[in-house]
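Colleague: Quick note: the sequence shown uses full-length UniProt numbering, first residue 2, plus one each step. Yeah, the Cβ is synthetic: ideal placement off N, Cα and C, and Gly gets one too.
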Amino acid sequence: QYVLYGDQIIKRDQASIDMEDRGYNFGDGIYEVVYIYGGKPFSMEEHFKRFAESAAKLEMKLPYTLETIIDLTVKLIDANKIHNGIVYIQMTRGASPRNHLFDRESSCLITGFARKMDPPVQAQENGVKTYLTEDIRWLRCDIKSLNLLGNTMAKRKAADHGCHEALQHREGTCTEGSSSNLFIIKNGTLYTHPATNLILNGITRQHILTIANEENVDVTEQAFTTDDLLEADEVFISSTTMEIAPVIAVTGDKKGTYPIGPITRFLQKKLKEKINQPTVL
Ligand code: PLP
2 QYVLYGDQII KRDQASIDME DRGYNFGDGI YEVVYIYGGK PFSMEEHFKR
52 FAESAAKLEM KLPYTLETII DLTVKLIDAN KIHNGIVYIQ MTRGASPRNH
102 LFDRESSCLI TGFARKMDPP VQAQENGVKT YLTEDIRWLR CDIKSLNLLG
152 NTMAKRKAAD HGCHEALQHR EGTCTEGSSS NLFIIKNGTL YTHPATNLIL
202 NGITRQHILT IANEENVDVT EQAFTTDDLL EADEVFISST TMEIAPVIAV
252 TGDKKGTYPI GPITRFLQKK LKEKINQPTV L
């Protein structure tokens, strides 16, 4: 297996991370996950645009141009001969004597790996169960940072209750999943939390909003409550690795079940079509 280390593709067992890398000590870093379909990364430019935005929000300097980072990512995918799978790219603020105070001029370290993975057809077809719980994360969820303890704790809780994903709410307002965005459909209208500091503006979420607009599905980026969630006609979650997965049940802070509805199926189909279009890089 080959990994990306700086601007080099090297064997995984030859890579080493400094004990005082700020990503390792402080979680001082950012990342992206891109899905590879039939050897081709989907929405790579959008992912790396968000990568650059996350870096800017944290005052981290990209060590190379986005073009170079994209080139290196393609090399990493090719070196690992990935047909279907994911590529993970992260950037930390690099190594320096441990100190909370960061230096804006630090030279950042980009690393990455790629892994084979089949699309989760089962979840897409049959839907997933979810666990509704308080959102305990920080107030900059718009940054795709390495700090994911709120997310991982929510996911653990969901799994402990036999659920695939956690849905999070802040005092009764639904935000998003632990690693996905959340949508509900009520009386033919699609609702999702606006892209504020309280959620990650998912690339899949953005595709879904574009599709809804193109296909005249009534859509509004408006926050909704856990009661609205319970009363929804259809519920689904979205992410790079899941695309669109229907939600068939909610348990935890509130409890409900849902059918897999026609709008969810329609959006799933349209998103697949977008993914299967020949990509222009
Ligand atoms: N929200 C959170 C917290 C996530 O971690 C993710 C993806 O991992 C998403 C939303 C979905 O984002 P994307 O569609 O870009 O994968």
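Tell me whether T241 counts as near the ligand PLP, meaning its Cβ is closer than 6 Å to at least one heavy atom of that ligand.
Modeller: On the sequence shown, residue 241 is found 240 positions in, with the first residue counted as 1. Result yes, Cβ under 6 Å from the ligand PLP.
Colleague: Please determine whether the Cβ atom of L140 lies at a distance below 6 Å from any heavy atom of the ligand PLP.
Modeller: Residue numbering aside, residue 140 sits at position 139 when the sequence shown is read from its first letter. False, no ligand heavy atom lies under 6 Å from that Cβ.
Colleague: Opposite P42 in the DSSP bridges: which residues?
Modeller: Here residue 42 refers to the residue found at position 41 of the sequence shown. I37, per the DSSP bridge assignment.
Colleague: Residue range of the beta strand (DSSP E) that R171 falls in?
Modeller: Locating residue 171 in the sequence shown gives position 170, where the first residue counts as 1. Counting along the chain, the beta strand (DSSP E) containing R171 begins and ends at E166 to R171.
Colleague: State buried or exposed for A115, treating a residue as buried only when at least 16 other CB atoms are found within 10 Å of its CB.
Modeller: Locating residue 115 in the sequence shown gives position 114, counting from the first residue. Burial call: buried.
Colleague: Based on the DSSP secondary-structure assignment, which residues constitute the bridge partners of G86?
Modeller: To locate residue 86, count along the sequence shown from 1; it is residue 85. Its beta-bridge partners are I37 and K117.
Colleague: Pick from E68, C175 and K41: whose alpha carbon is nearest that of F52?
Modeller: Stepping through the sequence shown from its first residue, residue 52 is reached at position 51. Closest option to F52, Cα to Cα, is E68.
Colleague: Does the segment 147-159 touch the segment 104-121, meaning 3 or more C-beta pairs lie closer than 8 Å?
Modeller: no
Colleague: Is T69 helix, strand or coil by DSSP?
Modeller: For the purposes of this step, residue 69 is identified with residue 68 of the sequence shown, where counting begins at 1. Helix, per DSSP.
Colleague: Here's a check: name, in chain order, each residue in its chain whose Cβ is nearer than 7 Å to the Cβ of A124, leaving out the five neighbours to either side.
Modeller: Reading the sequence shown from its first residue, position 123 is the one you call residue 124. Excluding sequence neighbours, A124 sits near H165, M243 and A246.
Colleague: Using a Cβ-Cβ cutoff of less than 8 Å, which residues in the same chain neighbour D254 once the five nearest sequence positions on both sides are dropped?
Modeller: For the purposes of this step, residue 254 is taken as the residue at position 253 of the sequence shown. These residues qualify, in order along the chain: L133, T134, E135, H170 and T227.
Colleague: So I87 and I37 are supposed to be a Cβ contact under 8 Å. How far apart are they, rounded?
Modeller: Taking the sequence shown and counting its residues from 1, the one referred to as residue 87 is at position 86. Taking the sequence shown and counting its residues from 1, the one referred to as residue 37 is at position 36. With a Cβ gap of about 7 Å, I87 and I37 count as contacting.
Colleague: Compute every distance between the C-beta of residue 284 and the non-hydrogen atoms of the ligand PLP, then say whether any falls below 6 Å.
Modeller: With the chain covering 2 to 282 only, the question about residue 284 has no answer from this structure.
Colleague: Counting only the same chain and skipping the five closest in sequence on each side, list residues whose C-beta sits under 6 Å from that of K156.
Modeller: Sequence index remark: in the sequence shown, residue 156 carries index 155 (1-based). Answer for K156: A167 and S179, listed in chain order.
Colleague: May I have the straight-line CA-CA distance separating A16 from L231, to the nearest angstrom?
Modeller: Counted from its first residue, the sequence shown places residue 16 at position 15. Counted from its first residue, the sequence shown places residue 231 at position 230. Rounded to whole angstroms, A16 to L231 spans 48 Å at the Cα level.
Colleague: Throw me the rounded Cβ distance for the I200 and E47 pair, which I believe falls under 8 Å.
Modeller: Locating residue 200 in the sequence shown gives position 199, where the first residue counts as 1. Locating residue 47 in the sequence shown gives position 46, where the first residue counts as 1. Contact flag wrong, Cβ pair sits at about 16 Å.
Colleague: Could you give the DSSP three-state label for E222: helix, strand or coil?
Modeller: Indexing the sequence shown from 1 puts residue 222 at position 221. Of the three classes helix, strand and coil, the one that applies to E222 here is strand, per DSSP.
Colleague: Tell me whether G28, by its Cβ, gets closer than 6 Å to a heavy atom of the ligand PLP.
Modeller: In the sequence shown, counting from the first residue as 1, residue 28 sits at position 27. Not under cutoff, so the answer is no.
Colleague: Ordered along the chain, which non-local residues of its own chain (more than five positions away) have a Cβ less than 7 Å from that of T193?
Modeller: The residue given as residue 193 occupies position 192 in the sequence shown. These residues qualify, in order along the chain: N182, L183, F184, R206 and E222.
Colleague: Using only the alpha-carbon positions, how far apart do G30 and V248 sit?
Modeller: Mapped onto the sequence shown, residue 30 falls at position 29. Mapped onto the sequence shown, residue 248 falls at position 247. Taking the straight line joining both Cα atoms gives about 31 Å.
Colleague: What's the gap between the Cα of T74 and the Cα of Y32?
Modeller: Taking the sequence shown and counting its residues from 1, one reaches residue 74 at position 73. Taking the sequence shown and counting its residues from 1, one reaches residue 32 at position 31. Whole-angstrom Cα-Cα distance: 13 Å.
Colleague: Of the choices N214, N188, R266 and Q278, whose alpha-carbon is the least far from that of S239?
Modeller: Along the sequence shown, read from residue 1 onward, the residue named residue 239 stands at position 238. When each option's Cα is compared against that of S239, the closest is R266.
Colleague: Under a three-way DSSP split, which group does A160 fall into?
Modeller: Along the sequence shown, one-based indexing puts residue 160 at 159. Helix at A160.
Colleague: Can you give the beta carbon distance from A159 to T131, rounded, assuming they're within the 8 Å contact cut?
Modeller: Within the sequence shown, residue 159 is the residue found at index 158, counting from 1. Within the sequence shown, residue 131 is the residue found at index 130, counting from 1. Correct: roughly 7 Å between the Cβ atoms.
Colleague: Which of the three DSSP states is assigned to A96 in this structure?
Modeller: The sequence position of residue 96 within the sequence shown is 95, counting from 1. Judged by DSSP in its simplified three-state form, A96 adopts strand.
Colleague: Pull up the distance between the alpha-carbon of residue 286 and that of T197, whole angstroms please.
Modeller: Absent from the model: residue 286. The displayed extent of the chain is 2 to 282, so no value can be given.
Colleague: Shortest alpha-carbon distance to Y3 belongs to which of I90, F49 and T66?
Modeller: Position 2 of the sequence shown, counted from the first residue, corresponds to residue 3. For the residues I90, F49 and T66, the minimum Cα distance to Y3 belongs to I90.
Colleague: Put D22 into one of helix, strand or coil per three-state DSSP.
Modeller: Residue 22 sits at position 21 when you count from the first residue of the sequence shown. The answer is strand: DSSP assigns D22 an E or B state.
Colleague: According to DSSP, is E235 helix, strand or coil?
Modeller: Locating residue 235 in the sequence shown gives position 234, counting from the first residue. Three-state result, E235: strand.
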